[in-house]
Structures are given as C-alpha cells and as structure tokens.
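Quick look at the structure:
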C-alpha cells in the first residue's frame, strides 16, 4: 500500500476559501475513487494544511491526481500556495500525523 502525504502552505489567509472549495470537492471525489482512506489536518494558524491518502498502487494514485477536480486544483495551486510538497511512503495504513509531519522534516 502507498501513503501519499501532501503539505500545503497557503500564501495568505485570503486563500483559505479557494483552498476549502477545492479540498471539499476533492474529498467528494476521493470517496468515489479507489482511495482506501484519507484524512486532512491544518495547523493552528490555518496556513499550513496536510492531506494524507492510502492507495493500493501507484496507478490508482496517478489516475486520481491527473483527473477531475484534483487536476484543476493543481493547475490553480500557484495562485494560493507557493509551497506544496508531496511525499509517498510504503505502509499498510495511514500514518499518525506526528509521523507524517516527520516525513517532511527528514526525520
């Protein structure tokens, strides 16, 4: 199984509405996709957000990311964030948030 973790830092608070719009639509599409599990969390200041999804294989991830609302969100992502990072790790289930954030810290 593959866990995909994304860290998104919004450029400003004015971008929250655009982020929530895309995120809500993406979650609806995730629920109808081959994604096994997903979760989202934000920082206390609402500027940094993390998403995590669990997939059977790389093809399922690619099919989802390159279609629908997620594709449109990627095209428009520069307008609400200049700091987007994604990492993938092999695991049988989603990580806890502490472990997931360490992936970006290189720990």
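Residue numbers (UniProt numbering): 1 to 107.
No residue lacks a Cβ here, since even glycine has one placed at the ideal position from N, Cα and C.
Quick caveat, the model's predicted, so the values are computed rather than measured.
Identify the continuous beta strand (DSSP E) that holds residue 9 and give its terminal residues.
2-10
Can you name the residues that DSSP bridges to residue 85?
Partner(s): 7.
Which residues does DSSP list as the beta-bridge partners of residue 110?
Lying outside 1 to 107, the shown extent of the chain, residue 110 is not represented and no answer is given.
Between the beta-carbon of residue 84 and the beta-carbon of residue 4, is there less than 7 Å?
no
Is DSSP giving residue 90 helix, strand or coil here?
Strand at residue 90.
What does a CB cutoff of less than 8 Å around residue 56 pick up in its chain, not counting 5 residues either side in sequence?
1, 2, 34 and 36
Rounded to whole angstroms, what's the CA-CA distance from residue 79 to residue 16? Just pull it up for me.
Each residue's alpha carbon lies about 11 Å from the other.
In whole angstroms, give me the CA-to-CA distance for residue 25 and residue 95.
23 Å
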